[in-house]
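Everything on this sheet refers to the single structure shown next.
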Amino acid sequence: MIEGKDFYFDAHGFMVLTSEYHLNKGYCCGHGCRHCPFDYESVPEPKRSELLAQAAADAMAAKKLG
Numbered sequence: 008m009i010e011g012k013d014f015y016f017d018a019h020g021f022m023v024l025t026s027e028y029h030l031n032k033g034y035c036c037g038h039g040c041r042h043c044p045f046d047y048e049s050v051p052e053p054k055r056s057e058l059l060a061q062a063a064a065d066a067m068a069a070k071k072l073g
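To convert, count from 1 in the sequence shown and add 7; that's the numbering used here.
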């Protein structure tokens, strides 16, 4: 894995996998990863709905910023 391409460390020191990493893996692992490009398809409800709602809210906030 390559830092900056496959993952990065967030402000809290957690390693975060990128969308590119997940796309190369080819499937949703079901853990609710921050950059899941598969719409959290393997995450059980109700967590899946919560993650989708948060992702939509984050996208709207980012759009307003710029």
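Each residue gets a CB set at the ideal place from its N, CA and C atoms; glycine is no exception.
Short Cβ contact (8 Å threshold) for residue i with residue j
i	j	result
Ser26	Pro44	yes
Val50	Gly39	yes
Phe16	Met8	no
Leu58	Tyr47	yes
Cutoff 6 Å; reference residue i; Cβ partners in own chain excluding five residues on either side
i	result
His42	Thr25 and Ser26
Phe21	none
Tyr28	Asp13
What ranges does the alpha helix (DSSP H) occupy inside the region 12-68, keeping only unbroken runs of at least 4 residues that lie completely in it? 26-32
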